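Residue numbers (our numbering), protein chains in the order written: chain H, 865 to 977; chain S, -3 to 109.
Structure first, commentary second.
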């Protein structure tokens, strides 16, 4: 079945550092790809998405590009802030049936001032 | 409503008791999903509703778990004879249709003691 593999955490960075969280996927067909974020004590929020190859999703300074050739959707941000501390989940939307989201394990990110 | 509402936000129950978890999706969202997030784990799909029918129940862990949706709106997840391994955060999400990013509720944290 479809699956998502994320870079293991936790990840700890200093404020203004460059962030990359790796995400690769295995899927039949061409799924849509998503990044969700879960801030402490809150529910999951959609951060960005891309629906086809070479699309770039972006939001709040975060970016991710749908790379079909490497089956990847790495999350990047040029300069992180303390407020970016959260758990980040990469996900794909199945192309069959319920088209449910399949999630990676999540990566906990902590930004120190 | 403005968002996906789940109740209760926290539930502590004794082993062997039955529990009901409620989800109020965003008005007009036809697709509704239940997921489970266990400590240190990713998100595990439980069941999907399209309208009032559940075409995909493949993630329900056992026959102690059931769910229904009425009026194309509110959904209830019922766990009978709860076990300690049922302790987790149960998340509900809704969307306009297949393949869209979801909107998640804040979840119900279930603790079985």
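Think of the CB as a built atom: it goes at the ideal place given N, C-alpha and C, for glycine as much as any other residue.
None of these values were measured; they are calculated from a predicted model.
- Taking the Cβ atoms as the reference, residue 937/H lies roughly 4 angstroms from residue 897/H, within the contact range of under 8 angstroms.
- For residue 921/H, the enclosing beta strand (DSSP E) has its first and last residue at 920 to 923.
- If you draw a straight line from the Cα of residue 875/H to the Cα of residue 902/H, it is about 15 angstroms long.
- Distances from the CA of residue 929/H to each of 913/H, 958/H, 907/H were compared; the closest alpha carbon is that of 913/H.
- The C-beta of residue 894/H has fewer than 16 other C-beta atoms within 10 Å across all chains shown, which makes the residue exposed.
- Counting along the chain, residue 51/S sits inside the beta strand (DSSP E) bounded by residues 49 to 52.
- Under the Cβ criterion of 7 angstroms, residue 47/S is not counted among the residues facing chain H.
- Comparing C-alpha distances from residue 39/S to each of 931/H, 905/H, 867/H shows the shortest one belongs to 867/H.
- Scanning chain S for C-beta atoms nearer than 8 angstroms to the C-beta of residue 969/H yields 37, 38, reported in chain order.
- Contact with chain H is absent for residue 24/S, since none of that chain's Cβ atoms lies less than 7 angstroms from the residue's Cβ.
- Between residue 65/S and the set 107/S, 12/S, 109/S, 25/S, the nearest pair of CA atoms involves 25/S.
- Contact between residue 879/H and residue 946/H holds, with the beta-carbon distance rounding to 6 angstroms and staying under 8 angstroms.
- Within the same chain, 65, 66, 68 come within 7 angstroms of residue 48/S by CB-CB distance, once the 5 residues on both sides are set aside.
- Not one beta carbon of chain H lies nearer than 7 angstroms to the beta carbon of residue 1/S.
- At the C-beta level, residue 15/S and residue 107/S stay beyond 7 angstroms of one another.
- Within its own chain, the residues whose Cβ lies closer than 6 angstroms to the Cβ of residue 919/H, once the five positions on either side in sequence are excluded, are 930, listed in chain order.
- Under the three-state reduction of DSSP, residue 80/S is assigned to helix.
- Residue contact check for residue 44/S against chain H: a CB pair falls below 7 angstroms.
- For the alpha helix (DSSP H) assignment, the segment -3 to 81 of chain S encloses no uninterrupted run of at least 4 residues.
- One Cα belongs to residue 62/S, the other to residue 939/H, and the distance between them is close to 36 angstroms.
- Ranked by Cα distance from residue 78/S, the options 109/S, 23/S, 104/S, 89/S are led by 109/S.
- With contacts defined by Cβ atoms closer than 7 angstroms, residue 70/S and residue 33/S do not form a contacting pair.
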